[in-house]
Amino acid sequence: MSLGHYLAVVRGKQLPFWWRSKFLTALNGFSSLPTEQLWQLHDELTKSLHTKQRRNEPAQQAGRNSLLDLKIELTRRIYRSCTLCPLMCRIDRMNGEVGRCGLKADAHAFREGLLVSEEPFIVPTYELFLTGCNMRCKFCQAWEGVVRTNLGFKLTGSNFAPKVERKAKRGALNIHFVGGEPTVNLLAVLVSLKSLKVPLPIVWNTNLFATDEAMKLLDGVVDLFVADFKFGNDECAWGIGGVRGYVATVQSNLLKASRIASLVIRHLVMPGHIECCLVPVVSWVTQNLPKVTFHLMLNYLPDWRAWSDKALSRRLNESEKQRAMAIVKSVGLKRVLISG
Ligand code: SF4
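Residue numbers (the working numbering): 900 to 1239.
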């Protein structure tokens, strides 16, 4: 999908996916059913969201569970032996255990506000920065929220809904989940959406380092993915981001994201990583998603552990910026944004 779905929601011509999921009736009493059966039902209902393109609120029968309830149940089951991302920690987050992301079942927002400094079609945007992340990028600017997972306030339906309603009155076009990484906080987000009565689209600002199951749960929830394609090869992903198997996972999830929602791909150019990271990223996007909006970010700032990495401990120089812009302009991508 191009930006079409997201823009249609912003203009009031379509309802957000999460809203449709909230009112799409699912089977009642499904908590006693086996997981395989729940996935089957989930996949059928999610598919129907795309095929029917319901503009109006689908009727929900009183007392029946919705597709959103089904997603919550499946996410709870995953949390009991967590495989939400490829790190596959298999720990019981519902029982207070923590894996690499440092999160139990609750989510905390360490920053929030109405921001105007993102892509032009997103702003003004209500951003909620959730703690915890499954990656450990050396240059992370949100590192405090990554390592201190109980920072800020606990996200609940009762505090989330009034905050969104206030921001909507002040002009917010969307609800923008940022991190850390929002996907590793999926359960609390889904539960919070149940209380929300304002049908704003959801922007999911993500590293897309997620399993197939997580991507299926995001289908029917997210309206616009703002996805980082950070590294062009697995060696840099391991050395800088601390994860293995990065490239194949993110490429596969970018293709999925483009099928289930609108998509923007961001690449933050890192000093000394133009040939090894920017070039293969741009090449893959050109070949596989040439119509997608590609945001080239030239505003790299060293932070956190970047100071101990010789290549990453400085800003981009002018010749790197010129080279990065020339690479992107030379490949014929249809929609390019450049910032920084
Ligand atoms: S979401 Fe967190 S606990 Fe679950 S697999 Fe990923 S890092 Fe591990």
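Every residue gets a Cβ at the ideal spot worked out from N, C-alpha and C, and that includes glycine. All values derive from a computational prediction rather than experimental measurement.
#1: Determine the extent of the beta strand (DSSP E) in which ASP1245 is found, giving its start and end residues.
#2: Just to confirm the assignment, what range does the alpha helix (DSSP H) spanning GLU1217 have?
#3: Measuring only the C-alpha atoms, how far is VAL1235 from ARG919?
#4: Please classify ARG954: is it buried, with 16 or more other beta-carbons within 10 angstroms of its beta-carbon, or exposed?
#5: Count the other C-beta atoms from every protein chain shown that fall within 10 angstroms of the C-beta of ALA1147, then say buried if there are 16 or more, exposed otherwise.
#6: Name the one or two DSSP bridge partners that MET1114 has.
#7: Does the beta-carbon of GLU1217 have 16 or more other beta-carbons within 10 angstroms, so that it is buried, or is it exposed?
#8: Taking all protein chains shown into account, do 16 or more other C-beta atoms lie within 10 angstroms of the C-beta of GLY1131, making it buried, or fewer, making it exposed?
#9: Rounding to the nearest angstrom, what Cα-Cα distance links LEU966 and HIS1172 in this structure?
#10: Quick check on ILE1164: does DSSP put it in helix, strand or coil?
#11: What three-state label does DSSP hand LYS1093 in the structure shown?
#12: In or out: ASN927 buried (at least 16 other Cβ within 10 Å) or exposed?
#13: Going by alpha carbons, who is nearest to ASN1033 out of THR1048, GLU1080, TRP1042, ASP968?
#14: If you drop the 5 nearest sequence neighbours on each side, which residues of the same chain put their C-beta closer than 6 Å to that of GLY1001?
#15: Is the beta carbon of ILE971 sitting closer than 8 Å to the one on LEU1072?
#16: Given a threshold of 16 other Cβ atoms within 10 Å of its Cβ, counted over all protein chains shown, does THR950 qualify as buried or as exposed?
#17: Where does THR874 land, buried or exposed, given buried means 16+ other C-beta within 10 angstroms?
#18: Considering only residues of the same chain and omitting the five flanking positions on each side of GLY998, which have a CB-CB separation below 7 Å?
#19: Decide if GLU935 is buried, meaning its Cβ has at least 16 other Cβ atoms within 10 Å, or exposed.
Reading it off the structure:
#1: In the structure displayed, the chain extends from 900 to 1239; residue 1245 sits before or after that span and is not available.
#2: Note, GLU1217: alpha helix (DSSP H), 1217 to 1229.
#3: For VAL1235 and ARG919, the gap between their C-alpha atoms comes out near 31 Å.
#4: The predicted position of ARG954 is uncertain, since its pLDDT is 49 and thus under 50; no value can be drawn from it.
#5: Exposed, by the Cβ-count rule.
#6: As far as DSSP is concerned, MET1114 takes part in no beta bridge.
#7: By the neighbour-count rule (16 or more Cβ atoms within 10 Å), GLU1217 is not buried but exposed.
#8: With 16 or more other Cβ atoms inside 10 Å of its own Cβ, GLY1131 counts as buried.
#9: In this model, LEU966 and HIS1172 are separated by some 43 Å (Cα to Cα).
#10: Three-state result, ILE1164: strand.
#11: Here LYS1093 sits in coil by DSSP.
#12: Looking at its Cβ environment, which holds fewer than 16 other Cβ atoms inside 10 Å, ASN927 is exposed.
#13: Put simply, of THR1048, GLU1080, TRP1042, ASP968 the residue whose alpha carbon is nearest the alpha carbon of ASN1033 is GLU1080.
#14: So the list reads GLY1031, THR1048, once near-sequence residues are dropped.
#15: Contact flag unset, no.
#16: Classification for THR950: exposed.
#17: What the structure shows of the chain is the stretch from 900 to 1239, and residue 874 is not part of that stretch, so it cannot be assessed.
#18: These residues qualify, in order along the chain: CYS981, LEU986, CYS988, ILE990.
#19: Under this definition GLU935 is an exposed residue.
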